[in-house]
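In our numbering, the protein residues as written are 5 to 236. Ideal placement from N, C-alpha and C gives every residue a C-beta, glycine not left out. Just so we're clear, the structure is a prediction, and the values are computed from it rather than from any experiment.
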Ligand SMILES: [Fe+2]
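Below is the structure:
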């Protein structure tokens, strides 16, 4: 069933917890007492080269609904707590209908995706929609396995990030609202307690996003990433 839009093998490995245990857990660089942002599985809908945006832009090319959210924070060096400038943040989420762009002919390519760069204060910022849960594709073998295990196909609400920066370890992660329904039964075992965040009522920032009507923005998330430098 795999093709350029779908990877059933990776999905099966996620539903069996193989990638979380064998890849994510084995490659994460967190050590005891470390404040580094935890890693999480890549998921099956990653794309390498989404549109590059300015901080304060929206990742929504085609609005299908959803509550508009201002998502911002800083990228920090875990050892020094100093801001990391020039970090690339590849971010992606599904649309309000629970589908990623490559699953949905009604969305333009790379909808709800973007690449941002942290500024000299380590800050990043973008507009997105409030996260929604979605079922992983379950019309194939992964779905059969989930049924055999008596598990539902839903992912807890989440948004994906891949952070890369010269002289720092790459960080692949997902962050999730702390009040989500599926935190205890996520279909691919991707919930980690230190990756939970809160959506708070929006306070307009000084930064104004292009093409974003501030009156329509309902939520705000403030989330910092702490990344680890390579050893010299
Ligand atoms: Fe996802």
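When beta bridges are read from the DSSP output, residue 164 appears opposite 96 and 178.
Under the three-state reduction of DSSP, residue 200 is assigned to strand. Excluding its 5 nearest sequence neighbours in each direction, residue 75 has C-beta neighbours in its own chain below 6 angstroms: 130, 132 and 225, listed in chain order. Note: residue 124 is not bridge-paired with any residue in the DSSP secondary-structure output. The way I'd put it, the region 102-111 doesn't touch the region 69-86; fewer than three beta-carbon pairs between them come closer than 8 angstroms. Take residue 127, set aside five residues on each side of it, and the residues of its chain with a beta-carbon closer than 6 angstroms to its own are 78, in chain order. Take the alpha-carbon of residue 96 and the one of residue 172: they are about 21 angstroms apart. Rounded to the nearest whole angstrom, the CA to CA distance from residue 105 to residue 159 is 17 angstroms.
With respect to residue 194, residue 25 sits apart: the two C-beta atoms are not nearer than 8 angstroms. Contact check for residue 162 against residue 175 fails: the beta carbons are separated by 8 angstroms or more.
In the three-state scheme derived from DSSP, where H, G and I count as helix and E and B as strand, residue 13 is classed as helix. In this structure, residue 169 has its beta carbon at no less than 7 angstroms from each heavy atom of ligand 1. Under the criterion of beta carbons closer than 8 angstroms, residue 231 and residue 16 do not qualify as touching, at roughly 30 angstroms. Counting only runs that start and end inside the region 65-119, there is no alpha helix (DSSP H) element of at least 4 residues. Contact between residue 189 and residue 164 does not hold, since their C-beta atoms are separated by about 20 angstroms, which reaches or exceeds 8 angstroms. At a Cβ-Cβ threshold of 8 angstroms, residue 120 and residue 93 count as neighbours. CA-to-CA, the gap between residue 40 and residue 177 works out to about 12 angstroms. Residue pairing from DSSP leaves residue 29 without any beta-bridge partner. Around residue 12, the same chain offers 5, 6, 144, 145 and 146 as residues with beta carbons nearer than 7 angstroms, after the five sequence neighbours per side are excluded. Shown here, residue 39 sits in coil according to DSSP, grouped into three states, outside any helix or strand.
Boundaries of the alpha helix (DSSP H) harbouring residue 151: 145-152, taken from the DSSP string.
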